[in-house]
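In order, the protein sequences belong to chains A and B. Using this note's numbering, you'd call the opening residue of the first sequence number 1273 and step up by one each time. Using this note's numbering, you'd call the opening residue of the second sequence number 1273 and step up by one each time. Ideal Cβ positions, reconstructed from N, Cα and C, are used throughout, including at glycine. For reference, the structure is listed below as structure tokens.
Number of protein chains: 2
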Amino acid sequence: MKVVILGGDGFCGWPTSLHLSKAGHEVIILDNLSRRNIDNELETDSLTPISSMGVRLAAWKEVSGKEIKFYNLDIAQEYDRLLNLLLDEKPDAIVHFAEQRAAPYSMKSPRHRRYTVDNNINATHNTLCAIAESELDIHLVHLGTMGVYGYGTAGMKIPEGYLDIEVVAENGERIPQQILYPPNPGSVYHMTKTQDQLLFAYYNKNDGVRVTDLHQGIVWGTDTEETKLDERLINRFDYDGDYGTVLNRFLMQAAIGYPLTVHGTGGQTRAFIHIQNTVRCVELALQYPPEKGERVKILNQMTETHRVRDLAKLIASLTNTEVAYVDNPRKEAAENELKVDNSCFLEMGLKPTTLAEGLLHEVTEIAKKYADHADLAKIPCTSVWTKDQKAGVPQLKQEVTSSSNN
Amino acid sequence: MKVVILGGDGFCGWPTSLHLSKAGHEVIILDNLSRRNIDNELETDSLTPISSMGVRLAAWKEVSGKEIKFYNLDIAQEYDRLLNLLLDEKPDAIVHFAEQRAAPYSMKSPRHRRYTVDNNINATHNTLCAIAESELDIHLVHLGTMGVYGYGTAGMKIPEGYLDIEVVAENGERIPQQILYPPNPGSVYHMTKTQDQLLFAYYNKNDGVRVTDLHQGIVWGTDTEETKLDERLINRFDYDGDYGTVLNRFLMQAAIGYPLTVHGTGGQTRAFIHIQNTVRCVELALQYPPEKGERVKILNQMTETHRVRDLAKLIASLTNTEVAYVDNPRKEAAENELKVDNSCFLEMGLKPTTLAEGLLHEVTEIAKKYADHADLAKIPCTSVWTKDQKAGVPQLKQEVTSSSNN
Ligand SMILES: NC(=O)c1ccc[n+]([C@@H]2O[C@H](COP(=O)([O-])OP(=O)(O)OC[C@H]3O[C@@H](n4cnc5c(N)ncnc54)[C@H](O)[C@@H]3O)[C@@H](O)[C@H]2O)c1
Ligand SMILES: NC(=O)c1ccc[n+]([C@@H]2O[C@H](COP(=O)([O-])OP(=O)(O)OC[C@H]3O[C@@H](n4cnc5c(N)ncnc54)[C@H](O)[C@@H]3O)[C@@H](O)[C@H]2O)c1
């Protein structure tokens, strides 16, 4: 299969590109390197020493004998180049990772809010428009987020994209319907993903574009079987307050013996998936595309859920560190339940890697190994969701509690 | 009250500006004149001889003694100018008309699709972002469309924005909820309005922005009490296949004795409102803003519904013309019901102008009066919704039926 990977230089896109190339697919990467430029802006860097795209692709050729093509192209801005590329390459599928994906970054300032909306909506819309205009039957696989559902659902299990409801008619009759799960995004970034859903539904209905939308949990882990083959293939590991996910920040803090900073009570429940499972899920999504004429296929791409404070305690006990509670920069409920239906991927044969198995490897092989490259000042999240919240390094709310007390 | 009107040079924005100015409000118009530029692109023009903004404002000063300020500004592109203007002027409210509003134009080509998404989403997002950044408690009134609901609702009356549903939990329990009405847009233009709704919901929730979203039907009529005061104040009348609404196209065809072209069976039911009622509704919406902390207030701004073929027959009989059925360029159901709840505006005191009262004035005072300015070749809709539909002048599907036969 010939597959174009939008955003193939990023944290999920790079290991996916290698995984699909290894599996025998022809892979073409499109990326404008905006993520590396954002590192420049934020004066931070991947903890792991990632290579330039030129070095990455040469190393992959050396290690695997396989070629991956790369185009430096802005999907949101360079529509004509994108369209011509599709017409020339005639891919079977496109995997779309190319969006600004950090919630805290999307809330940093009006400029960051506006960049996130403009970049993400135009990237997705250009992609759909180019597929329709090309008249090629290209299957689009998009990386969405569990965050479109809004966390907290009255104890209900979150279904895969569509919700069964009953509408009560004027005469009292109950009319059963199935609707796109009502969105409740928690940041400007998450909001763009709910807008993406409307783009997919429309292009699917009007132009017959086949779309799979993967509602992904927080991705953790760094290595996949392919990235481990050579240090020049290493994947990025973000630990800064904007792009570092909660788990990565804990791992870094543990590695350097700093207390794990939990926002609020840590009662927020989040969904997780290991990067090795992410690349496998994308492969499965490509293998089982929706039929022509079928509605947008939505799959929940996550394997386990945890409360943030439990995660902190787990890592604290593994590494003998402490847990500290700080103000929550996000505007969200302090505590929430989260039960998620992920049966589609399990039925397709996904074998989950659990946190319990993989965490120690991350601490020793990644966080501790590269800890001396880290700029510790970058770890706290300084973006705030509204003007009445205080920016700056979070203040500790409680005395640091030793993990041995938990 | 000080009110900024985004898109105040347009068909709805101009008479609204005059109406609010007349009522004693301080009015400031922002418009990038893109609508006039699109007339250049489409090689068409308003049927009525609209004046330039300079002449319009001078005439208004002369006639009413009142001053309206105007800034030529692109809301979607010039964020900093927009923000500074809000900080300088400190308006109480913003009325947002500034979007590309023609469904056929939004479907003309990939360039038109992309322009519509980029312009509309960024215009709305910049406005919300600037309100939040200004930290002023500005009430935003937005012109949305009945089209966000998607026509056809299983015989149910369309509520004002929010739908009561019951979610069936795993244990069989029915949990009542109220959700944003599930969107089902019929064109790229309508889709942008469903994306706007997500922007409003988010900025309302996160930043406390007070928003009223007016889900408007098709606006008909040309004159309002203020535009009638001087010919230099005349409002635009679009009759071309892209911007001319179904009613305006019928009026033009009737005026020149051309058969009224009905798309498909004409079984589509649409919601209508007279321009005099539009300006009144906006005034009422400004008068009854949502409270601080209240969710987005959604009002259905329409006064009557009609099937397209009934409308054609009505105008045909008034003007002694014929009706012709042609292929439908839109991808939509051939026939649909439409019942709409509009009790909010009626309770606020709106007095509807009905088609039955106002149509003849439109035919004689507008369509017939200016008919010799019309380029008849521009009347048919040549935009198509998908590539498999044929572009070009619609082919007559049936023999022309004389209105006297109906
Ligand atoms: N990492 C996670 O935990 C996670 C969780 C859920 C969903 N996702 C989704 O998966 C996708 C990939 O996430 P990631 O963690 O790999 O992010 P990332 O930032 O590491 O990668 C995104 C890549 O897209 C590129 N890009 C962005 N805008 C572009 C544009 N306009 N043109 C071309 N390239 C562009 C960037 O340069 C970057 O290489 C995102 O859409 C994200 O929302 C990620
Ligand atoms: N006319 C109708 O029947 C109807 C029905 C339902 C809803 N609406 C909505 O009402 C609003 C006004 O409709 P209208 O018929 O007056 O349209 P219009 O095209 O006549 O007016 C829109 C005005 O906004 C301006 N504009 C567009 N983009 C802009 C930008 N980026 N910056 C600054 N100005 C910009 C245009 O120049 C134009 O003057 C639209 O949002 C439309 O969707 C109209």
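C-beta contact flag for residue i and residue j at 9 Å
i                 : j                 : result
LEU1590 (chain A) : VAL1656 (chain A) : no
ASN1572 (chain B) : MET1418 (chain B) : yes
SER1459 (chain A) : PRO1376 (chain A) : yes
HIS1291 (chain A) : THR1496 (chain A) : yes
GLY1538 (chain B) : ASN1608 (chain B) : no
HIS1535 (chain A) : ASP1582 (chain A) : no
TYR1343 (chain A) : ARG1353 (chain A) : yes
VAL1335 (chain B) : VAL1299 (chain B) : no
LEU1412 (chain B) : ARG1482 (chain B) : yes
LEU1519 (chain B) : TRP1492 (chain B) : yes
ILE1547 (chain B) : GLN1467 (chain B) : no
ILE1347 (chain A) : ALA1374 (chain A) : no
PHE1679 (chain B) : SER1318 (chain B) : The shown model of chain B, from 1273 to 1678, leaves out residue 1679 (chain B), and the question about it has no answer.
MET1763 (chain A) : ILE1447 (chain B) : Any question about residue 1763 (chain A) goes unanswered here, given that chain A covers just 1273 to 1678.
ILE1301 (chain B) : LYS1338 (chain B) : no
ASP1479 (chain A) : ILE1570 (chain A) : no
VAL1568 (chain B) : ASN1476 (chain B) : yes
THR1517 (chain B) : ALA1543 (chain B) : no
First and last residue of the uninterrupted beta strand (DSSP E) at residue i
i                 : result
VAL1595 (chain A) : 1594–1598
ARG1579 (chain B) : 1576–1579
VAL1481 (chain B) : Run containing VAL1481 (chain B): none; DSSP gives neither H nor E here.
ASN1572 (chain B) : 1569–1573
PRO1455 (chain B) : Note, PRO1455 (chain B): premise wrong, no beta strand (DSSP E); not H, not E.
GLY1416 (chain B) : 1411–1417
TYR1434 (chain A) : 1434–1440
ILE1366 (chain B) : 1365–1368
Boundaries of the alpha helix (DSSP H) in which residue i is found, first to last residue
i                 : result
ASP1281 (chain A) : From DSSP, ASP1281 (chain A) is part of no alpha helix (DSSP H); its letter is neither H nor E.
THR1654 (chain A) : Where THR1654 (chain A) is concerned, there is no enclosing alpha helix (DSSP H), given that its DSSP letter is neither H nor E.
LEU1632 (chain B) : 1627–1633
ARG1383 (chain B) : 1382–1406
SER1378 (chain B) : 1375–1378
GLY1622 (chain A) : Here the sequence assigns Leu to residue 1622 (chain A), which means Gly is not the residue at that position. That residue, LEU1622 (chain A), is in no alpha helix (DSSP H); it is neither H nor E in DSSP.
TYR1351 (chain A) : 1351–1361
Neighbouring residues, chain B, relative to residue i (Cβ below 8 Å)
i                 : result
ASN1398 (chain A) : ARG1386
THR1466 (chain A) : LEU1470
MET1428 (chain A) : VAL1439, ALA1441, GLU1442, ILE1447
Within chain A, partners of residue i - CB distance below 7 Å
i                 : result
PRO1382 (chain B) : CYS1401, GLU1405
ASP1479 (chain B) : THR1658
TYR1511 (chain B) : Under the 7 Å cutoff, chain A gives no residues; its nearest Cβ is about 26 Å from TYR1511 (chain B).
Beta-carbon neighbours of residue i, restricted to chain A and to distances below 8 Å
i                 : result
MET1463 (chain B) : LEU1470, LEU1471, TYR1474
VAL1440 (chain B) : ASP1436, ILE1437, GLU1438
LYS1641 (chain B) : The premise fails here: LYS1641 (chain B) is roughly 39 Å from chain A at the closest Cβ pair, so nothing lies under 8 Å.
Under 9 Å from the C-beta of residue i: neighbouring residues of chain A
i                 : result
ALA1452 (chain B) : Residue identity check: residue 1452 (chain B) is Leu in the sequence provided, not Ala. Chain A residues near LEU1452 (chain B): PRO1454, PRO1455.
LYS1500 (chain B) : Those within 9 Å of LYS1500 (chain B) in chain A number zero; the least Cβ separation is about 40 Å.
Proximal residues of chain B, C-beta to C-beta of residue i below 7 Å
i                 : result
ILE1393 (chain A) : VAL1389, ILE1393
TYR1351 (chain A) : ARG1386
Partners in chain B for residue i, counting only beta-carbon separations shorter than 9 Å
i                 : result
LYS1603 (chain A) : LYS1477, ASN1478
Test: residue i CB closer than 9 Å to a CB of chain E
i                 : result
VAL1554 (chain A) : In the displayed structure, chain E is absent; the protein chains listed are A and B.
Scan the segment 1280–1340 of chain B and note each continuous alpha helix (DSSP H) run of 4 residues or more that stays entirely inside, going in chain order. Whole alpha helix (DSSP H) segments, 4+ residues: 1285–1294, 1306–1314, 1325–1336.
As an exercise, report each continuous beta strand (DSSP E) stretch of at least 3 residues that is fully enclosed by the segment 1477–1564 of chain B, in chain order. List check, beta strand (DSSP E) in window: 1483–1488, 1490–1492, 1532–1535, 1541–1546.
Say whether the segment 1357–1372 of chain B touches the segment 1352–1369 of chain A, bearing in mind that this needs 3 or more beta-carbon pairs closer than 8 Å, one atom from each stretch. With a cut-off of 8 Å, the segment 1352–1369 of chain A and the segment 1357–1372 of chain B do not count as touching, because too few Cβ pairs lie within range.
Do three or more CB pairs link the segment 1638–1649 of chain A to the segment 1527–1537 of chain A at distances below 8 Å? Judged by Cβ distances under 8 Å, the segment 1638–1649 of chain A makes contact with the segment 1527–1537 of chain A, as three or more pairs qualify.
Meets three-Cβ-pair contact criterion under 8 Å: the segment 1553–1560 of chain A and the segment 1614–1622 of chain A: yes
Do three or more CB pairs link the segment 1494–1510 of chain B to the segment 1313–1331 of chain B at distances below 8 Å? With a cut-off of 8 Å on Cβ pairs, the segment 1494–1510 of chain B is in contact with the segment 1313–1331 of chain B, counting three or more such pairs.
At least three beta-carbon pairs within less than 8 Å, the segment 1384–1404 of chain A to the segment 1394–1412 of chain B: yes
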